[in-house]
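Trainee: Below is one structure. I have some questions about it.
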DNA sequence: AAACAAATTGCAAACGTTTGCATAAATCTT
DNA sequence: AAGATTTATGCAAACGTTTGCAATTTGTTT
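Chains as they are written, first to last, in the numbering used here: chain Z, 45 to 379; chain U, 45 to 379.
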């Protein structure tokens, strides 16, 4: 780094034109003659010039930055380690880049509770993508009603004043359960916390499928973590023995926790207990037995999230949207 | 959002003081009388005021933003899904927040190759944290020699002009191998690509342990993914049968791929083949059998990364640093 | 009570872009 | 060939902070 950072004015002097011209040329403004544009762009490249984003953000009042907030409830610890959450952040990153936007990563622990203020008023970002509804939607609601451009990854069927993009959780729960039934399971456990928005929909789907089959539902309510699932199933086995022959788990990580408890007692999967997870994380395919799961189309969802955010930025009003899901049939439910 | 965004000048008018005073008060500058400071800070809170970061970044030439680049090689696909990479990003995020910094997430696919230019000259960020060395360090080297404040998560023993923070990979490889030997394994496979910086150190540790035990080394070189590991082990079994009784895998995900191939052929873990992974991701504890692994202290490493970056920002020169590792002994290696 | 020092506050210039408007150059009409 | 268009460029003001310096107020000393 030899010398002081070049600025627009320096470049202009070098080229013998005004700063306006350089500015326009670099932004590919058709007001400037094509030939001049090319020349100036080359000059900029040659001198390793790049615009000072602070200055241009100040002037244009736009940042081209989107804040992504990983929304965890303080108490129930679906930890930041859940591969699924992180996977979706990765996908969102890709989707944003495709639209020339950058990603400011944040989480619900920092940044206080006033998102409108912290991210938008301060011009840190143009809009917000919230990953996960959490148990309380208060922060989201507050930001949305403050007029912040905002989209949420969550359960699209939740009534809300802001657009939610997410999987058809009801259908997912239903398909998974019907699949277990079709494979001969009679006593199917729902493993997860129905107090959580997305999971409550999965639970509804589970219930409807169970009822239609005239079976009896049974819920084991636990946090969305493997270890909670492990403990939950263990405890159930201790107290009541093997009183079930199927599990619909609210996430793959939860399913793996359950699997461990079962395997330790030499309960065969899928023969004694059939199992379906949710999310289809990479591990589902590589575990043994491999885990049947409801696959969420995170890639498509991410693109939709970004599109809806952009639509809001141009003043359009947008609706929640469901993205399709798919049952991935593997060994854990096959018999 | 009722009215136009408040600015410093508006607040000043409300309070009957100058903008300088408000600015200083909000930044807790001791030049301003404590009483005035309190009053103005309350006023700001009351009106939901927050500073325009674009303006203040322009004026101060500081952003308080750090770019985190996930550095994947285009070809060898240690995909963005590897939970370990994402875990460390989470930890870095926490560490940055602790120091009042924000995290701009990026990856080596976007942002061109000229990081100095794209992130620093453009004043998008004050410094860069690179996660992963990848196979080629050209981009990192270029940015570092352009004078960019930069730290890398990788193998600290790699000679470099920039500071690298990471685990003692040599020791990790050695400990894992010695542990397998101590548990009676005689023919231990190294599963991973020694062309990769961190893994080459693990490989060295493996080699030294093997040689000291007068055993013969055997490397199965594969990409850092479960599926590559699965295929690799499968192929080996097909071609040569069960010619090994221990595996030191270069990552947990790789170990799981190997486990799957073994389990499918009813090869017992740990009795027929003992196995140790690397990273200690959440899944290691929840798999069955649970996976012994070398645990990297990502939390401590993240704090160190940030501290070293801050040190650079204040002009100090900093060195690479090793963070301790730990063997977590679980079922997969126990006999 | 005057003279001085210390503690507070205000003035005004910068930070580096973008953009409405005015101007200059090139092209087209008749 | 002179006016009327069209095309291309330049001028200068604004975006909202921060900060060196000057100015004011307050407190201290003789």
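Even for Gly, the Cβ is constructed at its ideal location relative to N, Cα and C.
Being a predicted model, the structure only gives us computed values, none of them experimental.
1) So which residues on chain U does residue 332 of chain Z lean against when the C-beta distance must stay under 8 angstroms?
2) Short check: CB of residue 317 of chain U to CB of residue 306 of chain U, under 8 angstroms?
3) Check the Cβ of residue 49 of chain U against every Cβ in chain Z and list those closer than 8 angstroms, keeping chain order.
4) Rounded to the nearest angstrom, what separates residue 374 of chain U and residue 377 of chain Z at their Cα positions?
5) Between residue 322 of chain Z and chain U, is the shortest Cβ-Cβ distance under 8 angstroms, so that the two count as touching?
6) Is residue 137 of chain Z helix, strand or coil by DSSP?
7) Starting from residue 249 of chain Z and walking both ways along the alpha helix (DSSP H), at which residues does that stretch end?
8) Would you mind sorting residue 226 of chain U into buried or exposed? The rule is 16 or more other CB atoms within 10 Å of its CB.
9) Who are the near neighbours of residue 199 of chain Z in its chain, counting only those whose CB is closer than 6 angstroms to its CB and skipping five residues on each side?
10) DSSP has residue 323 of chain U in a bridge; who is on the other side?
11) Assign residue 122 of chain Z to buried or exposed, taking buried as 16 or more other Cβ atoms, counted over all protein chains shown, within 10 Å of its Cβ.
12) Going along chain U in order, which residues have a C-beta closer than 8 angstroms to the C-beta of residue 94 of chain Z?
13) Between which residues of its own chain and residue 341 of chain Z is the CB-CB distance below 8 angstroms, once the five residues before and five after are set aside?
14) Could I get the ranges of all uninterrupted alpha helix (DSSP H) runs contained in the region 139 to 190 of chain U, with 4 residues as the minimum, in chain order?
15) Below 8 angstroms on the Cβ atoms is my guess for residue 94 of chain Z versus residue 108 of chain U; work out the distance and round it to an integer in Å.
16) Counting C-beta neighbours from all protein chains within 10 Å, is the total for residue 167 of chain U 16 or more, i.e. buried, or is it exposed?
17) Candidates U:170, U:151, U:169 and U:165: which alpha carbon is nearest residue 177 of chain U's?
18) Beta-carbon of residue 97 of chain U versus every beta-carbon of chain Z: anything under 8 angstroms?
19) Using a Cβ-Cβ cutoff of less than 6 angstroms, which residues in the same chain neighbour residue 188 of chain Z once the five nearest sequence positions on both sides are dropped?
20) If distances are taken between C-alpha atoms only, which option among U:158, U:81 and U:174 comes closest to residue 186 of chain U?
21) Indicate whether at least one CB of chain U lies closer than 8 angstroms to the CB of residue 182 of chain Z.
22) Quick one, which residues of the region 289 to 301 of chain Z are near chain U if we go by CB-CB under 9 angstroms, in chain order?
23) Could you tell me the distance, in whole angstroms, from the CA atom of residue 302 of chain Z to the CA atom of residue 270 of chain Z?
24) Return the first residue and the last residue of the beta strand (DSSP E) that residue 293 of chain U is part of.
25) List the endpoints of the continuous beta strand (DSSP E) containing residue 399 of chain U.
26) CA-CA distance, residue 140 of chain U and residue 51 of chain U?
27) Check this for me: beta carbons of residue 259 of chain Z and residue 284 of chain Z, under 8 angstroms apart or not?
28) Alpha carbons only, please: which of U:115, U:289, U:356 and U:365 is nearest the one belonging to residue 235 of chain U?
Mentor: By the coordinates alone:
1) Against the first chain, residue 332 of chain Z aligns to sequence position 288. Ordered by position in chain U, the residues that pass the 8 angstroms Cβ test against residue 332 of chain Z are 303, 304, 307 and 308.
2) As a first step, residue 317 of chain U is located in the second chain; it is residue number 273 there, counting from the start. As a first step, residue 306 of chain U is located in the second chain; it is residue number 262 there, counting from the start. Contact: yes.
3) Here residue 49 of chain U corresponds to residue number 5 of the second chain, with the count starting at 1. 165, listed in chain order.
4) For the purposes of this step, residue 374 of chain U is taken as residue 330 along the second chain, with counting starting at 1. For the purposes of this step, residue 377 of chain Z is taken as residue 333 along the first chain, with counting starting at 1. Looking at the two C-alpha atoms, the distance is approximately 28 angstroms.
5) Looking up residue 322 of chain Z in the first chain gives position 278. So, not an interface residue.
6) On the first chain, position 93 is the one that residue 137 of chain Z refers to. Residue state, collapsed to three classes: helix.
7) Position 205 of the first chain, counted from the start, is the residue given in the question as residue 249 of chain Z. Taken as a continuous stretch (DSSP letters only), the alpha helix (DSSP H) holding residue 249 of chain Z covers 241 to 256.
8) For the purposes of this step, residue 226 of chain U is identified with residue 182 of the second chain, where counting begins at 1. Result: exposed.
9) Here residue 199 of chain Z refers to the residue found at position 155 when the first chain is read from its first residue. For residue 199 of chain Z, where only same-chain residues beyond five positions count, the Cβ hits under 6 angstroms are 210, 213, 241, 242 and 245.
10) Indexing the second chain from 1 puts residue 323 of chain U at position 279. Residue 323 of chain U is bridged to U:339.
11) Here residue 122 of chain Z refers to the residue found at position 78 when the first chain is read from its first residue. Here residue 122 of chain Z scores only 48 on pLDDT, less than 50, and its place in the model is too uncertain to base an answer on.
12) The residue given as residue 94 of chain Z occupies position 50 in the first chain. Per Cβ cutoff of 8 angstroms: 161, 162, 165 and 166.
13) As a position in the first chain, residue 341 of chain Z is number 297, starting the count at 1. Only 211, 367, 368, 369 and 370 meet the Cβ criterion.
14) 182 to 189
15) Indexing the first chain from 1 puts residue 94 of chain Z at position 50. Indexing the second chain from 1 puts residue 108 of chain U at position 64. About 19 angstroms separates the two Cβ atoms, so there is no contact after all.
16) Your numbering for residue 167 of chain U matches position 123 in the second chain. Buried: at least 16 other Cβ atoms inside 10 Å.
17) The count along the second chain starts at 1 and reaches residue 177 of chain U at position 133. Among U:170, U:151, U:169 and U:165, the Cα nearest to that of residue 177 of chain U is on U:151.
18) Start at 1 with the first residue of the second chain, and residue 97 of chain U comes out as number 53. Chain Z contact via Cβ: present.
19) Position 144 of the first chain, counting from 1, holds the residue named residue 188 of chain Z. 194, 205 and 206.
20) For this step, residue 186 of chain U is matched to residue 142 along the second chain. Comparing Cα-Cα distances from residue 186 of chain U to each of U:158, U:81 and U:174, the minimum goes to U:158.
21) The residue you call residue 182 of chain Z lines up with position 138 of the first chain. So no, residue 182 of chain Z is outside the interface.
22) 297, 300 and 301
23) Residue mapping note: residue 302 of chain Z aligns to position 258 of the first chain, counting from 1. Residue mapping note: residue 270 of chain Z aligns to position 226 of the first chain, counting from 1. Near 7 angstroms, if we compare the C-alpha coordinates of residue 270 of chain Z and residue 302 of chain Z.
24) In the second chain, the residue the question calls residue 293 of chain U occupies position 249. Looking at the DSSP string, the run of the beta strand (DSSP E) that includes residue 293 of chain U is 290 to 293.
25) Because chain U is modelled from 45 through 379, residue 399 of chain U falls outside the range shown and cannot be assessed.
26) For the purposes of this step, residue 140 of chain U is identified with residue 96 of the second chain, where counting begins at 1. For the purposes of this step, residue 51 of chain U is identified with residue 7 of the second chain, where counting begins at 1. Spanning the two alpha carbons is a distance of roughly 28 angstroms.
27) Residue numbering aside, residue 259 of chain Z sits at position 215 when the first chain is read from its first letter. Residue numbering aside, residue 284 of chain Z sits at position 240 when the first chain is read from its first letter. No. Outside cutoff.
28) As a first step, residue 235 of chain U must be located in the second chain, where it is residue number 191. Among U:115, U:289, U:356 and U:365, the Cα nearest to that of residue 235 of chain U is on U:289.
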